[in-house]
Every structure is written in structure tokens, then in C-alpha cells.
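First comes the structure, then the notes that go with it.
There are 2 protein chains.
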Amino acid sequence: MSAAQKHDIFQAIADPTRRKILKLLADKKLPVTAISRHFPMSRTAVSKHLRILSKSKLVSVEKAGREKLYKLQPEALLELKEWLSFFERFWDNKISMLKHFVENEEIGKLNLIMPQSNEEPKDS
Amino acid sequence: MSAAQKHDIFQAIADPTRRKILKLLADKKLPVTAISRHFPMSRTAVSKHLRILSKSKLVSVEKAGREKLYKLQPEALLELKEWLSFFERFWDNKISMLKHFVENEEIGKLNLIMPQSNEEPKDS
DNA sequence: TCAATACGAAACCTTTTGGTTACATATCAA
DNA sequence: TTGATATGTAACCAAAAGGTTTCGTATTGA
């Protein structure tokens, strides 16, 4: 990974352990030790995964005495949602395709055939 | 990566080169050589990326003479969309949260307060 | 006060990843 | 037929990823 793309959300969710951690944190805030009980690896390893999730803003930390509570920050997943939305027009339907072009001001790329149009469409 | 999770879509889209390839293929089918012109790496390297995308069903191949046309298979992204939908209820609104619980038959987990209810809600 | 608990950092190791070059094969086109 | 084009495979390599153990430091609470 290059320096520019460190803390990349796509890279962060690539690991199955990290995805499972995110699901665990969906229910409630948890300290590292509690999280690591769900995995066949050391607490230190889980701690490293949490650091990666923190860097990509997928979780936040909150100190509570000697514990550190990790909390899901689902807003970070919006980047993923937006990336996905680019491709949605390819599997959804014409409405969502139109939505895509409107939202991205790419109407010009559409070969629109309006009822009142006098233009000859190139292609049907 | 373990054998069980080879060809994982999350791993496939983790690499920025592969994500860019997917965007390129959104417009049209392309042969390897044409794709590799967009990247500062060898054709062979791009070919390897395409093999990974193929394994996770994100692209398909179609032989055309001596060329091999790579084509986007956006349906494979549905797995990602579904994974994301699990978290949507955390950032959207109450409607989408309700939608989530209904779709997953988890109504019982909700602390519903209906107008006609005689039950004392635990928490407001 | 002081042992137990919670945690992160450092050093280290092995496997995977992402790239390279060299080579073999298939198809095209003159 | 034969040189040019399109591609994949193999062998190789450096760096990154994901794990371990060891150690230091805060905080708790008896």
C-alpha cells in the first residue's frame, strides 16, 4: 500500500476479522479484551486490527478508566456506499440509471427520446 | 488469506488498481492491452489483477479473435451492497432501521411503543 | 501499598501481495 | 508462410500484512 492510500476504507474492510469486529460493535461499545474473546488470536493482534479500523474512522475510542471502549462509526461506510452507487445503475433499473445521470450531471450522455422531441434519435 | 476466503469480493476491491479497472469496464468491454494503457505497470501485472477480478466474478471474459474482452459483472457487487445494508440502519433514519428489522424478521428485537399498547415500555 | 487487570508498543517472523522479466502459444494479416 | 500482435504462465523479488511474544505503563481495588 502506498502512503497516499493508507487508512483506506476498502483496505480496512478487506480483512474478515475486521469485518466481524465491525458487526460486534454494531450492538454496543466494547473494550479490546472483550472483542478478542471472539477470535482465535491474541489480544495484541485484535488491537492492531482496531488501530487500522480507527485510522479509517470506522471506529472511535473512548477511555473509561483503565478500559478503552471501541465504538462503531458507521458514517465512514458512506464512502463505500457512494462507490457502490456508481455501479448501481448497472444492475438496478432505468429509474436508478436516470437518477445516477441526473445526480452526476451527465444528462448529456443519455440518448433521450422525449415525446415532444423533433430530433431524430441516432439509435433506438 | 486462507483457502476458504480466496476470491473474496472484499479483497478483490481492496486494491485501487482493481477498482479503477472496474470503472473502466463500466463503459465498455476492453482487452487487456487497452486496459493496461491506463496504468503505470506492465500488461502482465494488469492481467493478474483481471484474474483476481474474474475469480470473484466481478468481470467475465469473452474471446474475440486473438483478443480477450473483459466485461464488468456488476451483479457480483450485490454481496457488498448486502453487507453494507446491515449497517445502513445506523446512519440513515428510523424508517430504514424499521425496514432492516422487518426484512430480517427481527421485529422482536424492537422496543415498539404502539398507540394501543397496554405494556409499559422499558425505556423511552 | 501493591497485586491484578487492561492496554499499546516494539521486535520479530511467515505468508501474501503486487510487481517484474522471460518465454510459449494463438491469431492476424501481408 | 511468416512476422507482428495479444495474451497467459512461470520464476522470481521486495514490501506489506497479519500474526506472535515480550515488555512497559495506567488504573483498579482489596
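First to last, the protein sequences are chains Z and R. In terms of this note's numbering, the first sequence is residues -12 to 111. In terms of this note's numbering, the second sequence is residues -12 to 111. Where is the CB? At the ideal position from N, CA and C, for every residue including glycine.
Between L40 of chain Z and I8 of chain Z, the C-beta gap is smaller than 9 Å, which places the two residues in contact. At least one beta carbon of chain Z lies nearer than 9 Å to the beta carbon of P3 of chain R.
In the three-state reduction of the DSSP assignment, P18 of chain R falls in the strand class. A residue is called buried once 16 or more other Cβ atoms fall within 10 Å of its Cβ, and S23 of chain Z is buried on that count. Taking 8 Å as the upper bound for CB-CB distance, D2 of chain R and H36 of chain R are in contact here, some 7 Å apart. When only Cα atoms are considered, S47 of chain R and P61 of chain Z end up about 32 Å apart. Interface residue (Cβ-Cβ distance to chain Z less than 9 Å): A13 of chain R is classified as such.
Across the set R:S29, R:M28, R:V19, R:P27, the C-alpha of R:V19 shows the shortest separation from the C-alpha of K50 of chain R. By the 16-neighbour rule on beta-carbons within 10 angstroms, S43 of chain Z is buried. Distance from the Cα of E66 of chain R is smallest, within the candidate group R:K58, R:L45, R:V33, R:R76, for R:L45. Going by beta carbons, F(-3) of chain Z and I0 of chain R fall inside the 9 Å limit.
If you look at A32 of chain R, you'll find it in the alpha helix (DSSP H) that goes 30 to 42. With contacts defined by Cβ atoms closer than 9 Å, K58 of chain R and K10 of chain R do not form a contacting pair. Interface annotation for the region 28 to 52 of chain R against chain Z: empty, criterion Cβ-Cβ distance under 9 Å.
Contact of P61 of chain Z with chain R by beta-carbon distance below 7 Å involves F74, F77, W78. Assignment of L45 of chain Z by DSSP, reduced to helix, strand and coil, places it in the coil class.
In the three-state DSSP reduction, A1 of chain R falls in the coil class, being neither helix nor strand.
Counting only the Cα atoms, L71 of chain R lies some 32 Å from A21 of chain R. Judged by DSSP secondary structure, E54 of chain Z falls within the beta strand (DSSP E) whose first and last residues are 54 to 59.
Counting the other Cβ atoms within 10 Å of the Cβ of A13 of chain R gives fewer than 16, which makes it exposed.
In the DSSP assignment, no residue is bridged to K68 of chain Z.
When only Cα atoms are considered, G52 of chain R and E75 of chain Z end up about 31 Å apart.
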